[in-house]
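Q: Shown below is the structure under consideration.
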DNA sequence: TAGAGATATCGCAAATTATCAATATCCTTT
DNA sequence: AAAGGATATTGATAATTTGCGATATCTCTA
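Chains as they are written, first to last, in my numbering: chain A, 30 to 142; chain B, 30 to 142.
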């Protein structure tokens, strides 16, 4: 029951549009689709620990070529819009795509846009 | 042949995200889905003349409650991203959704985001 | 517990966006 | 040709975003 619970609202959708209104943030989301292919072989990509595919900030940072502070801030914008999720393990913070939100967003586009 | 011709590129996609990163512009696009239901009965909604469903700027303007200049500018942002198309007929400029781009955008989200 | 590494936050200057009033342009009609 | 209505453009200011360096916080290890 309650199919609506899967639907994001207009406000959330605009937040997502804002998050994606920057090429580099889009790139980050795209790179996270295939962490193993898109980051250096020695990159810190998680297997196991309940957070498969998570990539740590410094690897994303060196890949996108922006400063650490900007990269961190962009990740937090993606996090706030729930396009990604994060988990801190030790001194590293791992980010990965939040496929649930992305699916809901796709659905929103099809129905509401 | 050439299935790729239907696919928008990353840059176009970011332009679309920017266009949609504003609630009012999203509202305009949504209202244009059903012009007859969303505008006043005496609104200037086109039937025929090869531009069915087109709505003129002043009707959109009074509906969204922003100034004429802002409304016009928002429409031109939507036009540049090709989310809408326009046709000038006499002294009126009619805008309507560009379903082709919207479909391509939907496809882009599914494949690239 | 002091240092070192990873990430987040703060403060800032530059660039961009939001929004309006005023003005210009384009059509139509007289 | 002039007036008037519809839309676009311009100029201006306030607000937001971009992106950085500096600093703070957190966590591990010596």
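Yeah, the Cβ is synthetic: ideal placement off N, Cα and C, and Gly gets one too.
1) What are the boundary residues of the beta strand (DSSP E) that residue 115(B) is part of?
2) Can you find a C-beta in chain A that's less than 7 angstroms from the C-beta of residue 138(B)?
3) Using a C-beta cutoff of 7 angstroms, does residue 50(A) count as contacting chain B?
4) Taking the alpha-carbon positions, what's the residue 80(A) to residue 122(A) distance?
5) Got a sec: is the Cβ-Cβ distance from residue 128(B) to anything in chain A below 7 angstroms?
6) Please confirm whether residue 43(A) has its beta-carbon closer than 7 angstroms to some beta-carbon of chain B.
7) Please identify, using Cβ separations under 8 angstroms, the residues of the stretch 107-120 of chain B that lie next to chain A, in order along the chain.
8) Between residue 83(A) and residue 75(A), which are expected to be in contact by the criterion C-beta below 8 angstroms, what is the C-beta distance as a whole number of angstroms?
9) Looking only at its own chain, which residues have a Cβ that is under 7 angstroms from the Cβ of residue 152(B), when we skip the five neighbours before and after it?
10) Sorted by chain position, which residues of the same chain lie with C-beta nearer than 8 angstroms to residue 56(A)'s C-beta, five sequence neighbours on each side aside?
A: In this structure, then:
1) 113-118 is the extent of the beta strand (DSSP E) around residue 115(B).
2) Yes, contact with chain A.
3) Yes, because at least one Cβ of chain B sits closer than 7 angstroms to the Cβ of residue 50(A).
4) Rounded to the nearest angstrom, the two C-alpha atoms are 11 angstroms apart.
5) No Cβ of chain A is located within less than 7 angstroms of the beta carbon of residue 128(B).
6) By the rule that beta-carbons nearer than 7 angstroms mark a contact, residue 43(A) touches chain B.
7) Taking 8 angstroms as the cut-off between beta carbons, none of the residues of the stretch 107-120 of chain B comes near chain A.
8) Sure, about 4 angstroms apart at Cβ, within 8 angstroms.
9) One cannot answer for residue 152(B) here, as it falls past the ends of chain B, which runs 30 to 142.
10) Hits under 8 angstroms: 93.
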